[in-house]
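**Student:** Have a look at this one.
Protein chains in written order, with our numbering: chain A, 4 to 214; chain B, -7 to 258; chain C, -8 to 285.
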């Protein structure tokens, strides 16, 4: 039987400091990749008109996001220390991914807003929905693969393959409906759920880290 | 001689470590499976009746999806030589008498060979299927070897070397995104999608369109542009040889640049 | 705080047995954990830290059962842990690194956190380097930063794996003084290959060999295992088959060797044993002494 946990040592978080730390641990490179891709894409599409602008944004930005998520989920070097801290590692990872998701949402909205204002994108809501569904798929893929491999390399490659599969298989099979977006988002959420369960198993994480 | 021994040792041991680890398998198996599914369902690949043309198309398809996956998975190979996650390993390797360039090559070549093994297996299966369904075994086997040596390996080499070089110049996460963008820009960019100049369908394209069109009965549209230009001549044997040499030369140039950058940063 | 370990076993994949039926009770104070490489020390410490789950047996830490999720979380709230290999974040300064770990340990008060960080950086001799990035630190400085994070939050249970590896003699002495000064009802488990650290700091010691506990008792008890069996002899004297050479020292008139022996060679001079001798004697006996724990 467990004794009651001593009071006064419960993790009430200093949210400001914690957010600052998690933003840094999230990795400036990961955030820069996302922002850089968004800026580059926005500039290219404003300078070079394309009737595919919406599709390009909804495809390319989630890929950068997925790669960054793979980096965040698979890039923890001090894993053993985290597994001994009172703040569970899955919670720490969720915080870092939340930072990434927040940045991704802002840059996506900004790019779509700019392209919409310049007349390059005609249905911004559709672009946001499509990009969101792919992003959820790739987020789930990244976290699931990172939990299995313990490094950012393999998850990044799996994210790329999942992205191609969405564009070339799923979109081809479910053309012209919102079903592909629903299926992609559903698959991403399912992967997140499974990965979340595996994240609770510290022994599995340690094994993956040394494999 | 000692340098070659060190190179062989590096290749063998890096390959052994890659084969025992999960990273490459986790990266390559989904990419190979995706290529397989797309190839089976595609009339321009699985639907071809000419066995040699089918092998060429499969090789380009596999290269399209597997080369960038391999590049992304192996992107940190060169940067790990400089900043290994294992304390002291970088110094230990640097203290050995072998050439740093050869060690760099071995560090990439070993895992590359392991990563390409599932691709070679699929290609072999395609060759067997082509031989069974009417192709003569000799030409089919020859086509398989040509496809592997002039399309799959050079494409994978150039993708992985540029990814590894990029990680010495920009953060690894950025290098991974940039290499994916570069890959599809240089192999498949449709200028109707985005009107920017591209290496796709030129001698420089790492997709292997020239050898496929010149030697493996692939459609000339995989190689030269329309109309043909100085960088995209008609797919003749000399043009195909030049294309393979350019792609391999680019890979060698990326390794040499990486070595120079690593020397500056060490 | 009391730790009770009963019938603890851990088997990894492919049947590799890292721990086998370990029974041990640890009370407050410092306990040294000794054993050869691969003896199961790190596995035992990871189980105590809640990172690994045992495949057999039971562990109670301060009354919390580590088999349950609630038990593991409760233990982590009072734990300071230093892994054998700790990769500190190279892009954070020493102070930022400690601030981050302090937050994850639940120290939410900014002032309290700052005070602790400053205090601990001073304790480990890094006060002047508080604002330097950890990526520029030497191995010894990184180790000291690791020690500092272990002590954040005033933990009741401290588990340190090879804490003094890579530290120079002065740093080692500082660390030993730091641990000795903790006091209170803390339980400290110190795993190390440096027997001197245990001899200087730990009143109790446990020895693992091939996953089994072969000794648990007082440090003097382990030293006593070599009482009457420790000798110094000229190196030219041939040693018996069962004599174990502990060390050799060169002098102007020749080299003298220190041995643990049940039947000393002619000319051997008996000397008082040290912990090193006791450890050697224990291994010589196949891990059986009067103070073997169960």
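By construction, the Cβ of each residue, glycine as well, lies at the ideal position given by its N, Cα and C atoms.
Mind pulling the chain B residues with CB within less than 9 Å of residue 172 (chain A)?
**Tutor:** Here the question's residue 172 (chain A) lines up with position 169 in the first chain. Near residue 172 (chain A) (Cβ distances below 9 Å), the residues of chain B are 26, 29, 30 and 33.
**Student:** Counting only beta-carbon separations shorter than 8 Å, does residue 49 (chain A) have a partner in chain B?
**Tutor:** The residue given as residue 49 (chain A) occupies position 46 in the first chain. Not closer than 8 Å to any Cβ of chain B, the Cβ of residue 49 (chain A) fails to qualify, so no.
**Student:** Where residue 53 (chain A) and residue 121 (chain A) are concerned, what is the direct C-alpha to C-alpha distance, given to the nearest angstrom?
**Tutor:** Walking along the first chain from the start, residue 53 (chain A) turns up at place 50. Walking along the first chain from the start, residue 121 (chain A) turns up at place 118. Straight-line Cα distance between these residues: approximately 12 Å.
**Student:** For my contact list, residue 205 (chain B) and residue 212 (chain B) are in at a C-beta cut-off of 8 Å; report their separation, rounded to the angstrom.
**Tutor:** Counting from one through the second chain, the residue named residue 205 (chain B) turns up at place 213. Counting from one through the second chain, the residue named residue 212 (chain B) turns up at place 220. Correct: roughly 5 Å between the Cβ atoms.
**Student:** Let me know if residue 4 (chain A) comes out buried or exposed under the rule of 16 or more other beta-carbons within 10 Å of its beta-carbon.
**Tutor:** Position 1 of the first chain holds residue 4 (chain A). Per-residue confidence for residue 4 (chain A) stands at a pLDDT of 38, beneath the threshold of 50, marking its modelled position as unreliable; no derived number is given.
**Student:** Can you grab the Cα-Cα spacing for the pair residue 128 (chain A) / residue 173 (chain A), in whole Å?
**Tutor:** The residue you call residue 128 (chain A) lines up with position 125 of the first chain. The residue you call residue 173 (chain A) lines up with position 170 of the first chain. Rounded to the nearest angstrom, the two C-alpha atoms are 21 Å apart.
**Student:** Run the CB neighbour count on residue 227 (chain C), radius 10 Å, all protein chains shown included, and call it buried at 16 or more, exposed below.
**Tutor:** Locating residue 227 (chain C) in the third chain gives position 236, where the first residue counts as 1. Its Cβ having fewer than 16 others within 10 Å, residue 227 (chain C) is exposed.
**Student:** To test your reading of the DSSP string, which unbroken alpha helix (DSSP H) runs of 4 or more residues are found completely within the region 44 to 122 of chain A?
**Tutor:** For the region 44 to 122 of chain A, whole alpha helix (DSSP H) runs of length 4 or above, ordered along the chain, are 56 to 77, 82 to 85 and 92 to 120.
**Student:** According to DSSP, which residues form a beta bridge with residue 1 (chain C)?
**Tutor:** As a working mapping, residue 1 (chain C) is identified with position 10 in the third chain. In DSSP, residue 1 (chain C) forms a bridge with C:10.
**Student:** Quick check: is the beta carbon of residue 161 (chain A) nearer than 8 Å to any beta carbon in chain B?
**Tutor:** For the purposes of this step, residue 161 (chain A) is identified with residue 158 of the first chain, where counting begins at 1. Yes, its Cβ sits closer than 8 Å to a Cβ of chain B.
**Student:** Tell me residue 55 (chain C)'s beta-bridge partners as DSSP assigns them.
**Tutor:** Residue mapping note: residue 55 (chain C) aligns to position 64 of the third chain, counting from 1. Answer is C:52.
**Student:** Using 8 Å as the limit for Cβ to Cβ distance, is residue 81 (chain A) near chain C?
**Tutor:** Here residue 81 (chain A) refers to the residue found at position 78 of the first chain. True, the Cβ-Cβ gap to chain C drops below 8 Å.
**Student:** Should residue 9 (chain A) go down as buried or exposed, given a rule of 16 or more other Cβ atoms within 10 Å for buried?
**Tutor:** By 1-based counting over the first chain, the position of residue 9 (chain A) is 6. In this prediction, residue 9 (chain A) has a pLDDT of 41, which is less than 50 and means its spatial position is unreliable; nothing more can be read from the coordinates.
**Student:** Any beta carbon of chain B sitting closer than 8 Å to that of residue 39 (chain A)?
**Tutor:** As a working mapping, residue 39 (chain A) is identified with position 36 in the first chain. Yes, residue 39 (chain A) lies at the interface with chain B (some Cβ there is under 8 Å from its Cβ).
**Student:** With the cut-off set at 8 Å, would you say residue 166 (chain A) and residue 131 (chain A) are in Cβ contact?
**Tutor:** As a first step, residue 166 (chain A) is located in the first chain; it is residue number 163 there, counting from the start. As a first step, residue 131 (chain A) is located in the first chain; it is residue number 128 there, counting from the start. Contact: no.
**Student:** Looking at the secondary structure, which residues open and close the beta strand (DSSP E) in which residue 119 (chain C) lies?
**Tutor:** Within the third chain, numbered from 1, the residue matching residue 119 (chain C) stands at position 128. Looking at the DSSP string, residue 119 (chain C) is not in any beta strand (DSSP E), and its letter there is neither H nor E.
**Student:** Using the beta-carbon count (16 or more within 10 Å), is residue -4 (chain B) buried or exposed?
**Tutor:** Your numbering for residue -4 (chain B) matches position 4 in the second chain. Result: exposed.
**Student:** Helix, strand or coil: how does DSSP classify residue 5 (chain A) here?
**Tutor:** As a working mapping, residue 5 (chain A) is identified with position 2 in the first chain. With a pLDDT of 40 at residue 5 (chain A), under the threshold of 50, the modelled position of this residue cannot be trusted; read the value that follows with caution. The answer is coil: DSSP assigns residue 5 (chain A) none of H, G, I, E or B.
**Student:** Which value, in whole angstroms, describes the spacing of the CA atoms of residue 275 (chain C) and residue 78 (chain C)?
**Tutor:** By 1-based counting over the third chain, the position of residue 275 (chain C) is 284. By 1-based counting over the third chain, the position of residue 78 (chain C) is 87. The alpha-carbon atoms of residue 275 (chain C) and residue 78 (chain C) are separated by roughly 37 Å.
**Student:** With distances taken from CA atoms, which of C:204, C:258, C:232 and C:218 is nearest residue 10 (chain C)?
**Tutor:** Numbered from its first residue, the third chain carries residue 10 (chain C) at position 19. Among C:204, C:258, C:232 and C:218, the Cα nearest to that of residue 10 (chain C) belongs to C:204.
**Student:** Residues of chain A with CB under 8 Å from residue 123 (chain C), in chain order?
**Tutor:** Here residue 123 (chain C) refers to the residue found at position 132 when the third chain is read from its first residue. The premise fails here: residue 123 (chain C) is roughly 16 Å from chain A at the closest Cβ pair, so nothing lies under 8 Å.
**Student:** If I'm right that residue 38 (chain B) touches residue 208 (chain B) with Cβ under 8 Å, what's the distance once you round it to whole angstroms?
**Tutor:** Here residue 38 (chain B) is taken as the residue at index 46 of the second chain, counted from 1. Here residue 208 (chain B) is taken as the residue at index 216 of the second chain, counted from 1. Incorrect: roughly 15 Å between the Cβ atoms, too far for contact.
**Student:** Whole-angstrom Cβ separation of residue 30 (chain C) and residue 72 (chain C), contact assumed at under 8 Å?
**Tutor:** Here residue 30 (chain C) corresponds to residue number 39 of the third chain, with the count starting at 1. Here residue 72 (chain C) corresponds to residue number 81 of the third chain, with the count starting at 1. Wrong, their Cβ atoms sit about 19 Å apart, outside the cutoff.
**Student:** Taking the C-alpha atoms as reference points, what is the distance between residue 120 (chain C) and residue 155 (chain C)?
**Tutor:** Here the question's residue 120 (chain C) lines up with position 129 in the third chain. Here the question's residue 155 (chain C) lines up with position 164 in the third chain. Using only the alpha carbons, I get a separation of about 19 Å.
**Student:** What are the start and end residues of each continuous alpha helix (DSSP H) run of 4 or more residues lying completely inside the region 74 to 103 of chain C, in chain order?
**Tutor:** Here the runs fully enclosed are 85 to 95.
**Student:** Skipping 5 residues on each side, what residues in its chain have a beta carbon closer than 8 Å to that of residue 160 (chain B)?
**Tutor:** Position 168 of the second chain, counted from the first residue, corresponds to residue 160 (chain B). 70, 71, 74, 250, 253, 254 and 257, listed in sequence order.
**Student:** Using the DSSP secondary-structure output, state which residues sit across from residue 23 (chain C) in a beta bridge.
**Tutor:** Indexing the third chain from 1 puts residue 23 (chain C) at position 32. Paired residue(s): C:181 and C:196.
**Student:** What residues in the region 33 to 58 of chain C have a beta carbon less than 8 Å from any beta carbon of chain A?
**Tutor:** So the close ones are 37, 40, 41, 42, 43, 44, 53, 54, 55 and 56.
**Student:** What would DSSP say about residue 174 (chain A), mapped onto helix, strand or coil?
**Tutor:** Taking the first chain and counting its residues from 1, one reaches residue 174 (chain A) at position 171. Three-state DSSP puts residue 174 (chain A) in a helix.
**Student:** Please list the partners that residue 15 (chain B) has in chain A, where partner means a Cβ-to-Cβ separation under 7 Å.
**Tutor:** The count along the second chain starts at 1 and reaches residue 15 (chain B) at position 23. Per Cβ cutoff of 7 Å: 152, 154, 156 and 157.
**Student:** Indicate whether at least one CB of chain C lies closer than 8 Å to the CB of residue 26 (chain A).
**Tutor:** Counting from 1 along the first chain, the entry for residue 26 (chain A) is found at position 23. By this cut-off, residue 26 (chain A) is not an interface position.
**Student:** Taking 8 Å as the threshold (beta carbon to beta carbon), is residue 270 (chain C) in contact with chain A?
**Tutor:** Counting from one through the third chain, the residue named residue 270 (chain C) turns up at place 279. It does not; no Cβ of chain A falls within 8 Å.
**Student:** For residue 100 (chain A) and chain C, any beta-carbon pair shorter than 8 Å?
**Tutor:** The count along the first chain starts at 1 and reaches residue 100 (chain A) at position 97. Not an interface residue.
**Student:** When we look at the beta-carbon of residue 1 (chain C) and count the other beta-carbons within 10 Å, is it buried (16 or more) or exposed?
**Tutor:** Position 10 of the third chain holds residue 1 (chain C). Buried, because 16 or more other Cβ atoms sit within 10 Å of the Cβ of residue 1 (chain C).
**Student:** Just reading off the beta strand (DSSP E) that residue 207 (chain C) is part of, what are its end residues?
**Tutor:** As a first step, residue 207 (chain C) is located in the third chain; it is residue number 216 there, counting from the start. Taken as a continuous stretch (DSSP letters only), the beta strand (DSSP E) holding residue 207 (chain C) covers 203 to 209.
**Student:** From residue 114 (chain B) to residue 98 (chain B), what does the alpha carbon distance come to, in whole angstroms?
**Tutor:** Locating residue 114 (chain B) in the second chain gives position 122, where the first residue counts as 1. Locating residue 98 (chain B) in the second chain gives position 106, where the first residue counts as 1. When rounded, the distance between both Cα atoms is 25 Å.
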